[in-house]
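Okay, so here's the structure we're looking at.
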Amino acid sequence: MAGSAARIYAGLAPTTTTMMVAATATTLFSPRLRPPPRPSPSSSIYHLHRGRGCCGARNADLRCRRRLLTARGERPPPDDDDEEEEEDPSSSATAAGFDAAVALFNRGEYHACHDVVEELWYGAEDPARTLLHGLLQCAVGFHHLFNQNHRGAMMELGEGLCKLRKLNLHDDDPFSRFREEAADVLQFLYRTQKELAACTDYLCLTMDGSPSSYQLLGNFAAGQQLYRLEPADDTDVGASSSVIVFSVSDDRTAQAAPPRVKLPTLHATEQNLTDLQRDYQYT
10 MAGSAARIYA GLAPTTTTMM VAATATTLFS PRLRPPPRPS PSSSIYHLHR
60 GRGCCGARNA DLRCRRRLLT ARGERPPPDD DDEEEEEDPS SSATAAGFDA
110 AVALFNRGEY HACHDVVEEL WYGAEDPART LLHGLLQCAV GFHHLFNQNH
160 RGAMMELGEG LCKLRKLNLH DDDPFSRFRE EAADVLQFLY RTQKELAACT
210 DYLCLTMDGS PSSYQLLGNF AAGQQLYRLE PADDTDVGAS SSVIVFSVSD
260 DRTAQAAPPR VKLPTLHATE QNLTDLQRDY QYT
């Protein structure tokens with residue numbers, strides 16, 4: 010876990026302090042998704058992906074085992090795929106395809122998007138496999154962000170960006186544009202957390218780069234809604250329909266124009282994924 014968590018900030022935090030963050034991350038949050046309290050009825054993929062009837066429990070066990078392998082970056086045995094398909098062929102989210110995953114992500118249904126991309130990831134080969142893994146972790150990161158798990162959001166976005174940055178993508182590639190937008194969000198989270206992470210109701214500790222100061226990063230107002238979505242206006246850069254706004258109710262941090270960043274959107278299709286797999290050039 011420490012090696013993974015040490016890449017949280019992807020070059021943002023000083024090298025000498027990231028291990029302190031990594032040491033505490035294991036006990037402060039779970040990197041897995043917390044199911045949403047009330048799934049939207051429109052999230053048909055989410056409901057489809059849950060086991061039904063006499064086969065539900067067995068398929069749930071298979072998915073649990075496969076999720077554990079996913080967390081370790083391993084591929085599940087082929088028998089798992091065959092067994093689940095024999096039990097309930099209609100439950101395969103792979104049939105929905107990459108376009109469905111993109112639609113779910115852009116609608117903010119990150120939990121359901123995660124499930125679809127995860128199924129695609131199991132059977133993919135590089136470079137598409139690495140790309141899908143990065144997108145999956147970014148979806149987890151945004152799920153955490155809007156469920157008040159700031160540290161989890163930073164870690165998963167950082168991990169996802171590490172995967173996406175391994176790929177040699179052209180600047181005009183839709184996956185490259187998404188990568189840059191996700192990087193902007195991670196930088197935004199880091200900056201807003203750094204400004205306020207060390208402050209409590211009684212004192213403020215200067216974020217001086219020391220292990221004790223960076224140890225607090227991601228913990229500020231944990232469980233509180235610091236980041237919210239607002240419709241983009243004419244002054245916002247980019248064509249996204251929404252922006253992420255950082256705001257707190259404390260008077261000492263009140264601002265007339267709170268910090269904001271463009272919410273990433275994924276303008277990619279199944280054909281873009283196919284083209285990447287066919288034409289990718291390794292360096």
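Take any residue in the sequence shown, note its place counting from 1, add 9, and you have its number in the numbering used here.
Don't be surprised by glycine CBs; every beta carbon is placed ideally from N, CA and C.
Predicted model, so just to flag it, every value in this text is computed and none were measured.
Measuring alpha carbon to alpha carbon, tell me which residue in Pro267, Pro268, Tyr289, Arg237 is nearest glutamine 158. Correcting the residue identity first, residue 158 is asparagine in this sequence and not glutamine. Taking the Cα of asparagine 158 as reference, the smallest distance to any Cα among Pro267, Pro268, Tyr289, Arg237 is reached at Arg237.
Pick from Leu141, His142, Met163 that is closest to arginine 151, judged by C-alpha positions: Going by the sequence as given, residue 151 is phenylalanine instead of arginine. Checked all of Leu141, His142, Met163; the closest Cα to phenylalanine 151 is Met163.
Output yes or no for whether 8 angstroms exceeds the beta carbon distance between leucine 129 and leucine 141. Yes, these two residues count as a Cβ contact at 8 angstroms.
Does serine 251 come out as helix, strand or coil in the three-state DSSP assignment? The three-state reading of DSSP puts serine 251 in strand, counting E and B together.
Output needed for glutamine 286: all residues of its chain with C-beta closer than 6 angstroms, excluding positions within five of it in sequence on either side, in chain order. Here the set comprises Ala137.
Under a three-way DSSP split, which group does leucine 238 fall into? In this structure, leucine 238 counts as strand in the three-state DSSP scheme.
Taking Cβ positions, are glycine 106 and glutamate 279 nearer each other than 8 angstroms? For the pair glycine 106 and glutamate 279, the CB atoms are nearer than the 8 angstroms cut-off.
Flag this pair as yes or no: are the beta carbons of glycine 169 and alanine 191 separated by less than 8 angstroms? At a Cβ-Cβ threshold of 8 angstroms, glycine 169 and alanine 191 count as neighbours.
Start-to-end residues for the beta strand (DSSP E) that takes in valine 270: Start and end: 269-271.
Cα separation between glycine 3 and glutamate 189? Within the shown structure, residues of the chain are numbered from 10 to 292, placing residue 3 beyond reach of any answer.
Helix, strand or coil for phenylalanine 151? Go by DSSP, reduced to three states. Phenylalanine 151: helix per DSSP, three-state reduction.
Which value, in whole angstroms, describes the spacing of the CA atoms of alanine 133 and lysine 203? Using only the alpha carbons, I get a separation of about 37 angstroms.
By the three-class DSSP mapping on this structure, what secondary structure does valine 257 have? In the structure shown, valine 257 sits in coil (DSSP, three-state: anything other than H, G, I, E or B).
Coarse secondary structure for glycine 232, derived from DSSP in three states: In the three-state DSSP reduction, glycine 232 falls in the coil class, being neither helix nor strand.
With distances taken from CA atoms, which of Pro268, Val126, Phe197 is nearest leucine 145? Of the candidates Pro268, Val126, Phe197, the one whose C-alpha sits nearest the C-alpha of leucine 145 is Val126.
By how many angstroms is the C-alpha of alanine 121 removed from the C-alpha of glutamate 94? With a pLDDT of only 46 at glutamate 94, under 50, the local geometry of the prediction cannot be trusted, and the value read off the model is given with reservation. In this structure, the alpha-carbon of glutamate 94 lies about 20 angstroms from that of alanine 121.
CA-CA distance, tyrosine 291 and leucine 176? Straight-line Cα distance between these residues: approximately 8 angstroms.
Using a Cβ-Cβ cutoff of less than 6 angstroms, which residues in the same chain neighbour proline 183 once the five nearest sequence positions on both sides are dropped? The residues are His276, Ala277, Asn281.
Given this structure, state the Cα-to-Cα distance separating glutamate 165 from tyrosine 199, to the nearest angstrom. Glutamate 165 and tyrosine 199 have their C-alpha atoms spaced approximately 13 angstroms apart.
Can you have a look at alanine 266 and say buried or exposed, based on whether 16 or more other CB atoms are within 10 angstroms of its CB? Result: exposed.
Among residues of its own chain, excluding the 5 on either side of aspartate 193, which ones have a beta-carbon nearer than 7 angstroms to its beta-carbon? If we look at aspartate 193 and ignore the five residues flanking it on each side, its Cβ neighbours are Val270, Lys271.
Kindly list the residues whose CB is nearer than 7 angstroms to the CB of threonine 201, restricted to its own chain and excluding five residues on each side of it in sequence; keep chain order. Within its own chain, the residues whose Cβ lies closer than 7 angstroms to the Cβ of threonine 201, once the five positions on either side in sequence are excluded, are Phe255, Pro268, listed in chain order.
Where aspartate 193 falls: helix, strand or coil (DSSP): Taken through DSSP and simplified to helix, strand or coil, aspartate 193 comes out as helix.
Going by C-alpha distance, which of Thr283, Ser250, Asp288, Asp284 is nearest arginine 116? Residue Ser250 is the option with its Cα nearest to arginine 116.
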